[in-house]
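Everything below concerns the one structure shown next.
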Amino acid sequence: MKQQVNLYVEELRPRRVPLPFVWIAVLWGVVLLGLLGFGVWLEMEGREAARQLERLTQTRENFARQVAEAEARLKARHVSPDLLAEQDALRQELLRARAFNSQVAGRLTRSVSRSPSAVMTSLARQVDTSWLWLTAFRMDRSGQLVLEGRTLSPKRLPEWLVALGREGALKGATFSFLEARKAQDEAASAFRIAARPPEADVRAEP
7 MKQQVNLYVE ELRPRRVPLP FVWIAVLWGV VLLGLLGFGV WLEMEGREAA
57 RQLERLTQTR ENFARQVAEA EARLKARHVS PDLLAEQDAL RQELLRARAF
107 NSQVAGRLTR SVSRSPSAVM TSLARQVDTS WLWLTAFRMD RSGQLVLEGR
157 TLSPKRLPEW LVALGREGAL KGATFSFLEA RKAQDEAASA FRIAARPPEA
207 DVRAEP
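Under our numbering, the first residue of the sequence shown is numbered 7, with each subsequent residue one higher.
And the structure:
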C-alpha cells in the first residue's frame, strides 16, 4: 500500500539560520586588519615617494647651478654657438626636472590626503551599525573606491551617501554606482557602492 508524504508542510521546510552577530564582528575585524595592512604598505610607498622627491629636488638644484655657471661663463668671454646650445639644453633639462618634480609632489599630496586610513576614519564617522554595516572595502592607488555591505534600510542609502561625500577624505567624491539587493526571507539587503575621487584629483593625473 503506497503512502504519500506532503513535503511542503511548514514543519518540513528548511529553516534559514541567520549568521550570528559574533561571526559578523569577526568578519568585520578581518576586513579592518586587512585595511590596516594596506595602510601600512601605502605609507611605505609614500615615504619612498618622499625620498624620490628629495632626490629630484637635489637634481633640480644641480641643474640650476649649472645654468648659473654657464651664464657666468657667457658673460666672462665672447658668446659662442656651443655655449648657447649648452645653455639652452640645460634650461630645457631644468624645466623638465621642475615639471616632473611638481608632478611627483602632487601625487604624494593626493596619496596622503586620500590614504586608506583617512578614508576609514571618514567611514567610521558615518557608519551606523543599527541599520548598516560594511563587509568589504577596496581602494586602488588612483582613488577609486568600492564599498560592499548590508543594510536594514536601503531607502536611506542615498541620504547616507550625501553625508559621506561631506566627510574629510571623501569630500567631493563622486558616487557613480549604487546597487542594493534583498534576498528572499532575509531582513537585510546587500549593497555595493563605487566612487571616484574628486574631479580635481582626476584632472591632475597624467
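Backbone N, C-alpha and C define an ideal beta-carbon position, used for all residues, glycine too.
Query, Result
"Cβ separation of residue 159 and residue 139, assumed to be a contact under 8 Å, to the nearest whole Å", "That belief does not hold up - the Cβ atoms of residue 159 and residue 139 are roughly 12 Å apart, past 8 Å."
"Ranges of the alpha helix (DSSP H) found wholly within the region 147-204, counting only runs of at least 4", "163-170"
"Cutoff 6 Å; reference residue 202; Cβ partners in own chain excluding five residues on either side", "180 and 182"
"Separation of residue 51 from residue 165, as counted between CA atoms", "35 Å"
"For residue 138: DSSP bridge partner residues", "157"
"Beta-carbon proximity list for residue 125, same chain, < 6 Å, skipping 5 on both sides", "175"
"Neighbourhood of residue 4 by C-beta, 6 Å cutoff - its chain only, sequence neighbours within 5 removed", "As shown, the chain starts at 7 and ends at 212. That puts residue 4 outside it, with no answer to give."
"Whole-angstrom distance between residue 141 and residue 135, CA atom to CA atom", "12 Å"
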